[in-house]
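Down below is the structure, laid out as structure tokens.
There are 2 protein chains.
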Amino acid sequence: MLRTELASQGAAPKIARPVPLRESVFEALLELILTGHLKPGQHLAESELAGLLGVSRQPIREALQLLSGEGWVDLHPGHGAFVHAPTVEEADQLLAVRTLLETESAKLAARHSTPDGVQRLRALCARGLAAVEADDVDASVAINSELHAAITELSGNKVLAELASQVSRRVRWYHTPVARKRGRDSWREHTELVDAIAAADEDRAAEIMRKHTEHTRSSYLEQREAEPIEAAPEPTRRRRPRSPK
Amino acid sequence: MLRTELASQGAAPKIARPVPLRESVFEALLELILTGHLKPGQHLAESELAGLLGVSRQPIREALQLLSGEGWVDLHPGHGAFVHAPTVEEADQLLAVRTLLETESAKLAARHSTPDGVQRLRALCARGLAAVEADDVDASVAINSELHAAITELSGNKVLAELASQVSRRVRWYHTPVARKRGRDSWREHTELVDAIAAADEDRAAEIMRKHTEHTRSSYLEQREAEPIEAAPEPTRRRRPRSPK
DNA sequence: CAACTGTATGCTGTAGGCGGTCTACGAGAA
DNA sequence: TTCTCGTAGACCGCCTACAGCATACAGTTG
């Protein structure tokens, strides 16, 4: 059925292909990782994926490189690709970096806030609250990402926004269970944050964002202790080199 | 002659190739960009580079993707690769992000400083000062990178270290002229910074690093106003799509 | 003279194939 | 029984080839 999915996109291959195949493959593989069909530590054989998605190995290779660049898979030259298996320590550090970037973004967003921008943020808050009320966790997580992205954009620093977005995407991997637990609190904090940005209060915006992300972080760590991410079954066909360097 | 360079690496292709060709290509291309042989905005035709380096298009493509991931080239699907042309604004934002990451690194390095780590930093400072005394700008810049990398590593946060290193590498592109101007001052600040880290004085270390990187930033901006980076001559064979999106 | 259209060329994106290395596994020796 | 070695299979990295789109240019028309 995955084959079908991509094949349908390729159903009109001779007419026009505005989007390179590698990006479709990228998203398809990312989806498989996020949904857990491809488990952390698992070896990803190019031929296998190529057959699964109904394309040749070339787009698979390129998509794997893109995934590697964003930290989703590890490339071991001569040994192929493996789904990245984040340790608790690494997740913790990632969340710490996220706090740093998002806090700075919030500060700058408050400094450069515009009525138009604030209105967009408020709209996202409303949608997020609605999603929480409806117990739609997936939507809540998605809108959460949108809101944070909007704030980083509002900061006016594109480099910062891009970096924060990248880090946030990785965080999203293990974000869902946390959202389930503290969805309502999280969105209340979001609302306060937007108020601070609207008031152009840099320090308060930064402080709220710092507490907000730190809160998420500790929640995540508790969660993680309770339910470690399931790893790939041992019989991974190809072993990683002993020195993962 | 470039062909020779890579060909020599491939001179023993049948025995063992511990390092994939794409990484050699990556470094070769990066060198060409840094030295200005490939100018900002220039279109990079795969076949051309393949011929130049004496390899096929495949490793070239993969190297270009790696370069794209680190912000050295822009990939426009269907239109090929272009050497990234940083605007003054973007460079400014990049340097601001660098300040943020490096400041946090310095703070954490002070918090987690070890005698062993401090000793490494001092050794680098000594080498840096020696390079400045000898008017060896290139060495000074290189050792500067090493020092900053060592500090980020000492922070204990690998994610932060990786991000900071990536940002710093990009900064290095336009760093050299600055180093020429304020080499001595820069290394004096480094020494103070290491002292603060050795004393485990988080706040002081952070403050020194902040000032240090801000200083570099303003120096760079002055420099840039005076000598804009030379761009590719207009007759770039292939135009970028109008909406660079 | 300007704008448009048809044609030619170059380049990208993808497929398929080859050589070499790594892993796994079974047979033989200590 | 355990360790070593040889063999077979699988997979990766790279090369070559092809199809389709984008661009540039020349000819044509208003």
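Chains A and B, in that order, give the protein sequences. The first sequence begins at 1 in our numbering and counts up one residue at a time. The second sequence begins at 246 in our numbering and counts up one residue at a time. We treat Cβ as the ideally placed atom computed from N, Cα and C, and that holds for glycine. Being a predicted model, the structure only gives us computed values, none of them experimental.
Chain B contact for residue i (CB, 9 Å cutoff)
i: Ala109(A); result: no
i: Leu30(A); result: no
i: Val167(A); result: yes
i: Leu49(A); result: no
i: Leu221(A); result: no
i: Lys14(A); result: At Lys14(A) the pLDDT is 31, less than 50, meaning the model places this residue with poor confidence; the figure from the coordinates comes in the next sentence. Chain B contact via Cβ: absent.
Neighbour-count burial assignment, residue i, 16 or more Cβ in a 10 Å radius
i: Ser56(A); result: exposed
i: Arg180(A); result: exposed
i: Thr87(A); result: exposed
i: Thr344(B); result: buried
i: Gly78(A); result: exposed
i: Gln42(A); result: buried
i: Glu276(B); result: exposed
i: Thr349(B); result: The amino acid occupying residue 349(B) in the given sequence is Glu; Thr does not appear at that position. Classification for Glu349(B): buried.
i: Arg170(A); result: buried
i: Ser113(A); result: buried
i: Gly117(A); result: buried
i: Ser186(A); result: buried
i: Val264(B); result: exposed
i: Ala273(B); result: buried
Interface partners of residue i on chain A, CB under 9 Å
i: Glu307(B); result: Arg61, Glu62, Gln65
i: Leu366(B); result: Within chain A, no residue comes near Leu366(B); the closest Cβ sits about 21 Å away, beyond 9 Å.
Residue i Cβ short of 8 Å to the ligand NAD heavy atom set
i: Ala354(B); result: No copy of the ligand NAD appears in this structure; indeed no ligand is present at all.
Contacts that residue i makes with chain B (C-beta to C-beta distance below 8 Å)
i: Lys158(A); result: Glu335, Gln338
i: Ala96(A); result: Asn402, Val404, Leu405
Sequence-distant residues of the same chain with beta carbon closer than 6 Å to residue i, five excluded per side
i: Ala109(A); result: Ile151, Leu154, Ser155, Ile197
i: Gln81(A); result: This sequence places Ala at residue 81(A); Gln is not what is there. Correct list, in chain order: Leu44, Leu64, Val73, Leu75.
i: Gly36(A); result: none
i: Arg22(A); result: Pro59, Glu62, Ala63
i: Leu294(B); result: Ile305
i: Val382(B); result: Ala424, Arg425
i: Leu311(B); result: Phe271
i: Ser47(A); result: none
Close Cβ partners of residue i (< 8 Å) along its chain, the five nearest in sequence each way excluded
i: Glu459(B); result: Thr344
i: Asp92(A); result: Arg217, Leu221
i: Ala450(B); result: Ala351, Lys352, Ala354, Ala355, Leu438, Ala441, Ile442
i: Asp201(A); result: Ala110
i: Glu189(A); result: Ile208, Lys211, His212, His215
i: Arg276(A); result: Nothing can be reported for residue 276(A): it is not among the residues displayed for chain A, which extend from 1 to 245.
CB contact below 9 Å: residue i versus chain A
i: Pro265(B); result: yes
i: Leu399(B); result: no
i: Leu408(B); result: yes
Chain-order list of residues whose beta-carbon lies under 7 Å from that of residue i (same chain, five-residue window excluded)
i: Leu492(B); result: Beyond the ends of chain B as shown, which are 246 and 490, falls residue 492(B); an answer cannot be given.
i: Ala131(A); result: Ala139, Ser140, Ile143
i: Leu124(A); result: Ile143, Glu146, Leu147, Ala150
i: Val423(B); result: Thr461, Ser464, Tyr465, Gln468
i: Ile278(B); result: Trp317, Val328
i: Arg120(A); result: Ala150
i: Arg367(B); result: Val439
i: Arg182(A); result: Ser219
i: Thr436(B); result: Cys370
i: Arg372(B); result: Ile388
Residue i: contacting residues in chain A (beta-carbon distance under 8 Å)
i: Glu219(B); result: Only positions 246 to 490 of chain B appear in this structure, which leaves residue 219(B) out of reach.
Neighbour list for residue i in chain A, Cβ cutoff strictly below 7 Å
i: Gly314(B); result: Gly69
Mind listing, in chain order, the continuous alpha helix (DSSP H) runs of no fewer than 4 residues lying wholly within the region 354-384 of chain B? Secondary structure within the region 354-384 of chain B: the alpha helix (DSSP H) runs of 4 or more consecutive residues, fully enclosed, are 360-378 (chain order).
Tell me the start and end of each unbroken alpha helix (DSSP H) in the region 380-434 of chain B that is at least 4 residues and wholly inside, in chain order. You should have 382-399, 403-417.
Which whole runs of the alpha helix (DSSP H) in the region 12-92 of chain A are 4 residues long or more, in chain order? Entirely contained in the region 12-92 of chain A, the alpha helix (DSSP H) runs reaching 4 residues are, in chain order, 21-34, 46-53, 57-69.
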